[in-house]
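Chains A and B supply the protein sequences, listed in that same order. Once you know that position 91 of the first sequence is 91 in full-length UniProt numbering, the rest is easy, because the numbers rise by one and skip nothing. Once you know that position 7 of the second sequence is 7 in full-length UniProt numbering, the rest is easy, because the numbers rise by one and skip nothing. We put the CB at the ideal spot given by N, CA and C, even for glycine. Just so you know, these numbers come straight off a predicted model, no measurement behind them. First up is the structure itself, then whatever we jot down about it.
Protein chains: 2
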Amino acid sequence: MANIREIAKLAGVSVSTVSRVLNNHPYVNEKKRAEILKIIEEQNYVQNSNAVHLSTGKTMVIGVTLPLVNNQYYSSIIEGIAAEAVQHHYKLMVCQTNNNPEQERSVLHLLKNKKIDGLIMCSRSSSCETLNEYAGYGPIITCEANDTTSVSSVHIDHYQTFLIGMEYLMKKGHRRIGYCIGRKNSFNSQHRKRAYYEKLRSIDVTPTPEWSFEECLTIQDGKDVVGKLLQTEERPTAMIVSCNHIAAGIIKEASRLGISVPEDLAVVGCDDQPIGELLEITTVSSSSTLMGKYAFEMLHERIWTQQLVGKKEEKELSPVLVERLTT
Amino acid sequence: MANIREIAKLAGVSVSTVSRVLNNHPYVNEKKRAEILKIIEEQNYVQNSNAVHLSTGKTMVIGVTLPLVNNQYYSSIIEGIAAEAVQHHYKLMVCQTNNNPEQERSVLHLLKNKKIDGLIMCSRSSSCETLNEYAGYGPIITCEANDTTSVSSVHIDHYQTFLIGMEYLMKKGHRRIGYCIGRKNSFNSQHRKRAYYEKLRSIDVTPTPEWSFEECLTIQDGKDVVGKLLQTEERPTAMIVSCNHIAAGIIKEASRLGISVPEDLAVVGCDDQPIGELLEITTVSSSSTLMGKYAFEMLHERIWTQQLVGKKEEKELSPVLVERLTT
DNA sequence: ATAATATGTGGAACGCTTTTCAGAGCAAGC
DNA sequence: GCTTGCTCTGAAAAGCGTTCCACATATTAT
Numbered sequence: 001m002a003n004i005r006e007i008a009k010l011a012g013v014s015v016s017t018v019s020r021v022l023n024n025h026p027y028v029n030e031k032k033r034a035e036i037l038k039i040i041e042e043q044n045y046v047q048n049s050n051a052v053h054l055s056t057g058k059t060m061v062i063g064v065t066l067p068l069v070n071n072q073y074y075s076s077i078i079e080g081i082a083a084e085a086v087q088h089h090y091k092l093m094v095c096q097t098n099n100n101p102e103q104e105r106s107v108l109h110l111l112k113n114k115k116i117d118g119l120i121m122c123s124r125s126s127s128c129e130t131l132n133e134y135a136g137y138g139p140i141i142t143c144e145a146n147d148t149t150s151v152s153s154v155h156i157d158h159y160q161t162f163l164i165g166m167e168y169l170m171k172k173g174h175r176r177i178g179y180c181i182g183r184k185n186s187f188n189s190q191h192r193k194r195a196y197y198e199k200l201r202s203i204d205v206t207p208t209p210e211w212s213f214e215e216c217l218t219i220q221d222g223k224d225v226v227g228k229l230l231q232t233e234e235r236p237t238a239m240i241v242s243c244n245h246i247a248a249g250i251i252k253e254a255s256r257l258g259i260s261v262p263e264d265l266a267v268v269g270c271d272d273q274p275i276g277e278l279l280e281i282t283t284v285s286s287s288s289t290l291m292g293k294y295a296f297e298m299l300h301e302r303i304w305t306q307q308l309v310g311k312k313e314e315k316e317l318s319p320v321l322v323e324r325l326t327t
Numbered sequence: 001m002a003n004i005r006e007i008a009k010l011a012g013v014s015v016s017t018v019s020r021v022l023n024n025h026p027y028v029n030e031k032k033r034a035e036i037l038k039i040i041e042e043q044n045y046v047q048n049s050n051a052v053h054l055s056t057g058k059t060m061v062i063g064v065t066l067p068l069v070n071n072q073y074y075s076s077i078i079e080g081i082a083a084e085a086v087q088h089h090y091k092l093m094v095c096q097t098n099n100n101p102e103q104e105r106s107v108l109h110l111l112k113n114k115k116i117d118g119l120i121m122c123s124r125s126s127s128c129e130t131l132n133e134y135a136g137y138g139p140i141i142t143c144e145a146n147d148t149t150s151v152s153s154v155h156i157d158h159y160q161t162f163l164i165g166m167e168y169l170m171k172k173g174h175r176r177i178g179y180c181i182g183r184k185n186s187f188n189s190q191h192r193k194r195a196y197y198e199k200l201r202s203i204d205v206t207p208t209p210e211w212s213f214e215e216c217l218t219i220q221d222g223k224d225v226v227g228k229l230l231q232t233e234e235r236p237t238a239m240i241v242s243c244n245h246i247a248a249g250i251i252k253e254a255s256r257l258g259i260s261v262p263e264d265l266a267v268v269g270c271d272d273q274p275i276g277e278l279l280e281i282t283t284v285s286s287s288s289t290l291m292g293k294y295a296f297e298m299l300h301e302r303i304w305t306q307q308l309v310g311k312k313e314e315k316e317l318s319p320v321l322v323e324r325l326t327t
């Protein structure tokens with residue numbers, strides 16, 4: 001296929017002029033411009049974007065890492081990112097990392113070798129050092145809190161989320177409360193646990209270890225929780241659960257085993273997945289789509305503003321309680 | 001940051017030799033290779049991938065179009081694609097098209113300007129001419145049947161799916177059966193409708209127009225169906241529904257309005273989304289993840305085999321009935 | 001001993017576009 | 001009449017790696 005030189009030759013002008021036409025620069029004689037456009041059309045010419053990228057040093061692509069693609073929480077974030085990205089003419093490179101630091105590093109590497117202009121990490125398992133290191137090659141935003149010095153973040157206030165959930169349950173009279181969270185030692189989980197323990201202490205309740213469930217990631221994990229609860233001496237009257245599909249598993253399994261929700265067991269979830277609405281789950285919700293939108297905005301600003309290099313910023317989203325039928 | 005020329009100079013060799021080291025070509029003296037690697041390390045050098053792309057004419061990126069990111073069906077397909085892609089060192093550019101031909105064309109364009117090596121369309125709204133046109137610039141696979149001459153596809157046999165569902169319902173004694181499908185005139189929908197009408201005719205039942213619902217895309221659409229059914233003179237005893245989240249909407253709304261499932265209304269869904277399992281929905285299922293896997297395999301073969309250019313291939317996935325509690 | 005093959009290396013062309021710089025022509029302003 | 005400032009254009013450099021071709025040396029085979 002033709003290249004810019006050929007177009008220039010056919011039009012009897014220099015490549016500079018053709019380039020100006022392609023990029024809508026002013027200072028091109030209207031007649032020539034029309035002539036060149038006609039030839040471009042005839043030759044069915046388009047720029048080779050790799051040459052453009054090489055020359056400009058930008059690709060108009062941003063990377064997005066997430067542990068797994070097929071998950072509503074992450075899909076909602078991407079939805080938010082995607083909507084914003086399309087408006088600013090960016091494309092998305094979506095990279096599944098399986099929470100594997102190796103795979104994550106290979107994505108960070110894309111910043112270094114200039115395949116992407118910036119990176120949004122919906123979740124991360126790399127160390128802070130690694131993050132800081134790669135932040136030198138291009139802007140990175142995480143959708144979780146992080147304690148690096150240079151990587152900004154947009155995140156849900158998970159402490160606040162569990163606080164609201166706990167206060168709500170306690171106001172309803174619950175004192176025997178358990179919890180389910182995902183990855184045991186993630187930043188998010190730590191904040192959630194802190195709220196949980198603080199709130200229990202505030203009413204002088206000693207936490208019951210058997211009512212704490214960690215590494216709950218799938219619907220099945222939620223179902224399993226109910227089985228385990230049945231084996232405990234005394235059962236909690238309420239569970240606060242870090243996401244609604246786990247909550248859904250709990251609710252379904254409970255109803256199968258004749259435990260009525262909310263009478264025997266109240267359940268509060270913590271996100272805005274549609275399954276929560278479908279099953280009428282009470283939830284402390286923040287919009288993950290909105291988080292994605294903010295993440296893109298922050299990233300975009302950093303791509304275009306050199307002053308922001310290394311300047312850390314944190315944006316926290318406040319959750320709201322959505323009362324439904326499981327409490 | 002250093003480039004290959006600088007590395008060559010520091011090592012006292014030519015750029016060719018450095019390039020050979022970078023690409024693991026044989027015929028490089030081991031001692032030199034070690035020396036060069038050391039310098040690369042010291043200089044913290046990595047290739048500029050845009051230069052590599054320009055030079056090789058490949059990007060190792062494939063595009064994926066889908067109408068919306070936040071949808072379990074499409075997420076499952078991507079999951080299958082992603083798993084396969086990572087093994088072959090391809091990255092994914094995920095592009096939301098909102099079923100808008102304009103946006104779809106902008107993705108097809110990526111093929112023309114060499115930003116991607118191939119394209120998988122999970123759904124498409126472009127015309128066959130457009131597809132054929134762009135197929136000239138790189139391999140395209142659709143995850144729906146299509147009647148172009150040059151674009152291959154991997155798709156679920158939707159005719160078979162509805163056939164199995166209908167036969168099952170009829171064997172259970174149903175004669176008053178309605179349906180819900182998504183986009184009215186998509187290929188998929190046409191095949192489904194054909195099976196529906198053929199089966200009804202085979203037992204001499206005249207279809208009831210008010211029991212046909214098209215453009216059902218969201219859970220809410222499913223709920224609305226129940227409302228509309230209540231207004232019909234006579235209600236169907238069963239519904240066959242093209243996807244499980246619509247089915248979920250129907251079931252939830254039905255139970256809210258005191259219509260018991262399956263006694264008053266049996267519901268058969270048609271995919272393998274987890275919501276189907278959660279709500280125990282009987283479904284005629286094919287694995288969308290597997291479809292994604294096959295789509296990648298087919299695309300990959302076409303990227304590497306020039307002989308296949310323009311040679312159309314179609315792969316059909318057969319569904320199986322999964323009997324659960326809604327029938 | 002000679003031919004043939006394998007190993008190792010450099011030069012230069014190729015892939016393609018953007019952008020800076022220099023300069024030409026022309027109009028307006030003083 | 002001369003300066004200033006637009007408008008318009010082209011040459012050339014810069015961005016960077018891959019690969020073909022030519023050539024040299026070292027083995028191995030005949």
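Can you tell me whether residue 259(A) is helix, strand or coil according to DSSP? coil
Output, in chain order, the set of chain A residues within a Cβ distance shorter than 7 Å of residue 51(B). 54
Please decide whether residue 59(B) counts as near chain A, where near means a Cβ-Cβ distance under 8 Å. yes
Mapping the DSSP letters down to three states, classify residue 165(A) as helix, strand or coil. helix
Where residue 280(A) and residue 244(A) are concerned, what is the direct C-alpha to C-alpha distance, given to the nearest angstrom? 10 Å
Relative to the alpha-carbon of residue 12(B), which residue among 30(B), 23(B) and 39(B) has its alpha-carbon at the smallest distance? 39(B)
What residues in the region 100-118 of chain A have a beta carbon less than 8 Å from any beta carbon of chain B? 103, 109, 110, 112, 113, 114 and 115
According to DSSP, residues forming a beta bridge with residue 178(A): 239(A)
Taking C-beta to C-beta, are residue 158(B) and residue 192(B) nearer than 8 Å? yes
Relative to the C-alpha of residue 149(B), which candidate in 313(B), 60(B) and 317(B) has its C-alpha closest? 313(B)
Assumed close pair residue 203(A), residue 239(A) - CB separation to whole angstroms, cut-off 8 Å: At roughly 17 Å, the Cβ-Cβ gap does not stay under 8 Å, so residue 203(A) and residue 239(A) are not in contact.
Given that residue 93(A) touches chain B, what residues does it touch there, using C-beta distances under 9 Å? 61, 91, 92, 93 and 94
Quick one: Cα of residue 228(B) to Cα of residue 180(A), how far? 40 Å
So residue 306(A) contacts chain B; which residues on that side make the cut at Cβ distance below 8 Å? Ordered by position in chain B, no residue passes the 8 Å Cβ test against residue 306(A), which lies about 16 Å from the chain.
Quick one: Cα of residue 206(B) to Cα of residue 104(B), how far? 39 Å
Between residue 47(B) and chain A, is any beta-carbon pair separated by less than 8 Å? yes
Can you name, in chain order, every residue of its own chain whose Cβ lies under 6 Å from the Cβ of residue 84(B), other than the five neighbours on each side? 293 and 296
How would you list, in chain order, the residues of chain A whose beta-carbon sits under 9 Å from the beta-carbon of residue 34(B)? Per Cβ cutoff of 9 Å: no residues; residue 34(B) is ~23 Å from chain A at best.
Should residue 150(B) be flagged as near chain A, meaning a C-beta pair shorter than 8 Å? no
Within 10 angstroms of its Cβ, does residue 230(B) collect 16 or more other Cβ (buried), or is it exposed? exposed
Can you tell me whether DSSP reads residue 306(A) as helix, strand or coil? helix
Taking 8 Å as the threshold (beta carbon to beta carbon), is residue 78(B) in contact with chain A? yes
Sufficient close CB pairs (3 or more, under 8 Å) joining the region 48-67 of chain B to the region 107-127 of chain B: yes
From the DSSP secondary-structure annotation, give me the bridge partner or partners of residue 266(A). 238(A)
Give me the chain B residues within the contact set of residue 365(A), using Cβ-Cβ distance strictly less than 8 Å, ordered along the chain. Beyond the ends of chain A as shown, which are 1 and 327, falls residue 365(A); an answer cannot be given.
Determine the burial state of residue 93(B): buried for a count of at least 16 other Cβ atoms within 10 Å of its Cβ, exposed for fewer. buried
Does DSSP put residue 232(B) in a helix, in a strand, or in coil? coil
Interface partners of residue 248(B) on chain A, CB under 7 Å: 278
Between which two residues does the beta strand (DSSP E) containing residue 286(A) stretch? Counting along the chain, residue 286(A) falls outside any beta strand (DSSP E), and DSSP gives it neither H nor E.
Where does residue 14(A) land, buried or exposed, given buried means 16+ other C-beta within 10 angstroms? exposed
Contact with chain B by residue 184(A), beta-carbon distance below 8 Å: no
Would the region 207-223 of chain B count as touching the region 43-54 of chain B if we require 3 or more Cβ pairs under 8 Å? no
Beta-carbon gap between residue 267(B) and residue 327(B) smaller than 8 Å: yes
When DSSP labels each residue in this structure, what does residue 121(B) get in the three-state scheme? strand
Pull out every residue of the region 218-237 of chain A whose Cβ sits closer than 7 Å to any Cβ of chain B, in chain order. 219
Going along chain A in order, which residues have a C-beta closer than 9 Å to the C-beta of residue 252(B)? 278, 279 and 280
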